[in-house]
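Step one of this worksheet: look at the structure below.
Protein chains in written order, with my numbering: chain L, 1076 to 1158; chain E, 107 to 530.
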C-alpha cells in the first residue's frame, strides 16, 4: 500500500514539474525574437575566407574575402527607389 | 534645544555656502586660457587648429612631438567638424568657446579660447575631406591644401550585430531613407541609424563613396554625447551603446582612428566590410576581420576605397608657397615629412600609425580627388616606402614577405628603411 502511495506521489510530482516547466516556457520572453524581414538566414559571412588575396586570382576568379553583401536584399532590386 | 538646532543648521548652511564657493572657484580655475596654459616654457608659440573631430587621435599622438622639439610648439585644437574648420580658416572666422590640448601624458584637456577681437583666428584648418567636398568652401590663392596621413572611413555596428558587410547600394538605401519607407533589414529603425552632422568629413567622404548627397542623409542626428557637438566620440558612444538594445538594427559611421581604438574594450564597435558599387565581394580595411589586425592592406591597395588624406589648409607666402608663420611651417613639415631627419620621420610615422592612420609612405595607390562611386586610384610608389615597417608597427610583426635589415646589403638592390628592406 505504502509503495503504491509513494508511486502515486512520484508520478504526480513528475507530471506537475513537467506542467510547470511548460507553463514557464510559454511565458518566457528572454529568448530570441523573430528575425527581421526576409533576410533571416542569409549569413553574410564572418569566418575567415580562403586566403588573404581575394581579387588577385586572375580574370574569372571570384573569391569573397571574407564576406559579400547580397544586393537582392534591397527592396526593388535591381532598380531600387532613389533617396 | 531649539537654539542648538538653529545654531547647528546655521553652521551647516555656512559650511555648504563656503564649500560651494570653493568648488565653483576650483571649477573656474580648472579651465585655463589656451594662450597661457602654464605648462610650457615662456614664449612657446601656440598654433591654433580647427576641424575634424575624427582626426583628434592623430593630434594627440603628435602633440607631444611638437612640445618636445628644441623649439617647442603648443597646438590647440577646436573641433567643430571638417568643413567648419576649413571655413573658419579661409574666411577667416574667429573661433570662441573651448578647445583641446594634450598634456605630456597625452591626456586631452579643455582650455578657453581667447576672446579678444571676437575670438581666435585659426592657423590651420584640418579636414578629412577635400575642400571641394564641403559646401561653400573655396581655397583662396594665398592658402594651400597640404596632405597628411591617410584617414579611413567605416560603417560600424554593435559588436554582436549579425551583419558583417554592407554594399554601396545598400548603404545608399539605409542612409538615404533612414529606416523609413524603403528598408533593408535589419537596419529598419531610424532612432539607431546614427548620422553625423552635415559638416562632418566622415559623412561627406562616405556620402561620396555611396553616391548620397550630404543634404539627403536620413538617420538620427542626435548622438549620445554631453556637449551637443555630435562628434566622433558621440557616434562611438551611440553605436556601442546600442549593443544592449538594438545590436542588429544599429549602424553608424566612424573614422578608423576612432573605430580601431575601440574594436574591443568598454565601448566596442564592429567594422563592416564594404562592397563597392557593382561588385560582389566586400572588403574590410584590414586583410581580415580580426580585432587585432591593423594592416590596412585592403586600403593600401584600394580594395577598400573609402579613404583620403588628412588635409591641412593654411595661409602661405605668395612667393615661396610656404606657410606664412614659422611655427605653422614646422607643423606642416611634420605632417608632410618635409625636410625632417630620418629619426624625426620615424617619429611622425610612429605617431600616425599609433593613431590608426596610414602614413603616405605605406600606400601602394593614390588619387588626387575625393573617393567616388566609380572610384579609381592609380598605383603609387612612395619616394621612401615604409610598408614593411608600417605592418611591423601596426601589428607587432612584419609579414613573412618582409626582410629585416640593418643596412642595404640584404635588400637586393633595394633600400633598408626603418630596419626592413623596401624596393627603393
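Note that beta-carbon positions come from the ideal geometry of N, C-alpha and C, so glycine has one too.
Note that this is a predicted model, so its numbers are computed, not measured.
As assigned by DSSP and simplified to three states, the class of residue i
i: residue 259/E; result: strand
i: residue 299/E; result: strand
i: residue 364/E; result: helix
i: residue 1139/L; result: coil
i: residue 342/E; result: helix
i: residue 77/E; result: An answer regarding residue 77/E cannot be provided, because it is not within the stretch 107 to 530 covered by chain E.
i: residue 472/E; result: strand
i: residue 289/E; result: coil
i: residue 180/E; result: strand
i: residue 230/E; result: strand
i: residue 522/E; result: strand
Buried versus exposed, by CB contacts within 10 Å (16 or more), residue i
i: residue 401/E; result: buried
i: residue 372/E; result: exposed
i: residue 145/E; result: exposed
i: residue 220/E; result: buried
i: residue 321/E; result: exposed
i: residue 147/E; result: exposed
i: residue 237/E; result: buried
i: residue 530/E; result: exposed
i: residue 243/E; result: buried
i: residue 404/E; result: buried
i: residue 388/E; result: buried
i: residue 419/E; result: buried
i: residue 516/E; result: exposed
i: residue 465/E; result: buried
i: residue 159/E; result: buried
i: residue 489/E; result: exposed
C-beta atoms of residue i and residue j nearer than 9 Å
i: residue 290/E; j: residue 359/E; result: no
i: residue 496/E; j: residue 459/E; result: yes
i: residue 231/E; j: residue 155/E; result: yes
i: residue 303/E; j: residue 375/E; result: no
i: residue 262/E; j: residue 357/E; result: yes
i: residue 249/E; j: residue 161/E; result: no
i: residue 191/E; j: residue 247/E; result: no
i: residue 273/E; j: residue 315/E; result: no
i: residue 256/E; j: residue 414/E; result: yes
i: residue 296/E; j: residue 325/E; result: yes
i: residue 252/E; j: residue 441/E; result: yes
i: residue 318/E; j: residue 1158/L; result: yes
i: residue 240/E; j: residue 138/E; result: no
i: residue 412/E; j: residue 260/E; result: yes
i: residue 78/E; j: residue 527/E; result: Lying outside 107 to 530, the shown extent of chain E, residue 78/E is not represented and no answer is given.
i: residue 501/E; j: residue 350/E; result: no
Straight-line Cα distance separating residue j from residue i
i: residue 416/E; j: residue 180/E; result: 20 Å
i: residue 422/E; j: residue 205/E; result: 24 Å
i: residue 153/E; j: residue 1139/L; result: 46 Å
i: residue 447/E; j: residue 300/E; result: 43 Å
i: residue 254/E; j: residue 467/E; result: 11 Å
i: residue 394/E; j: residue 1141/L; result: 7 Å
i: residue 365/E; j: residue 258/E; result: 10 Å
i: residue 348/E; j: residue 298/E; result: 7 Å
i: residue 427/E; j: residue 477/E; result: 27 Å
i: residue 378/E; j: residue 276/E; result: 12 Å
i: residue 499/E; j: residue 456/E; result: 7 Å
i: residue 363/E; j: residue 462/E; result: 5 Å
i: residue 453/E; j: residue 340/E; result: 30 Å
i: residue 141/E; j: residue 443/E; result: 27 Å
i: residue 391/E; j: residue 408/E; result: 9 Å
i: residue 436/E; j: residue 505/E; result: 34 Å
Contact set between residue i and chain A, taken where Cβ atoms lie within less than 8 Å
i: residue 322/E; result: In summary, chain A is missing from the structure at hand, where the protein chains are L and E.
* Asked: Between the stretch 383 to 394 of chain E and the stretch 204 to 220 of chain E, do at least 3 Cβ pairs fall closer than 8 Å?
  -> Segment contact: the stretch 383 to 394 of chain E against the stretch 204 to 220 of chain E, fewer than three CB-CB distances shorter than 8 Å; contact not assigned.
* Between the stretch 176 to 188 of chain E and the stretch 300 to 319 of chain E, are three or more C-beta pairs nearer than 8 Å? -> In the pairwise beta carbon analysis, the stretch 176 to 188 of chain E is classified as touching the stretch 300 to 319 of chain E: at least three pairs are separated by under 8 Å.
* Asked: Below 8 Å, can you find three or more Cβ-Cβ pairs linking the stretch 281 to 299 of chain E to the stretch 430 to 444 of chain E?
  -> No: fewer than three Cβ pairs fall under 8 Å.
* To do: Mind the definition here: the stretch 271 to 284 of chain E touches the stretch 167 to 182 of chain E only if three or more C-beta pairs lie below 8 Å; say whether that holds.
  => Touching, no.
* Can you find at least 3 beta carbon pairs, one from the stretch 216 to 233 of chain E and one from the stretch 327 to 342 of chain E, that sit closer than 8 Å? -> With the rule of 3 Cβ pairs closer than 8 Å, the stretch 216 to 233 of chain E does not count as touching the stretch 327 to 342 of chain E.
* To do: Spell out a yes or no on whether the stretch 163 to 177 of chain E and the stretch 261 to 276 of chain E are touching, meaning 3 or more CB-CB pairs, one atom from each, closer than 8 Å.
  => Flag = no, the stretch 163 to 177 of chain E and the stretch 261 to 276 of chain E do not touch.
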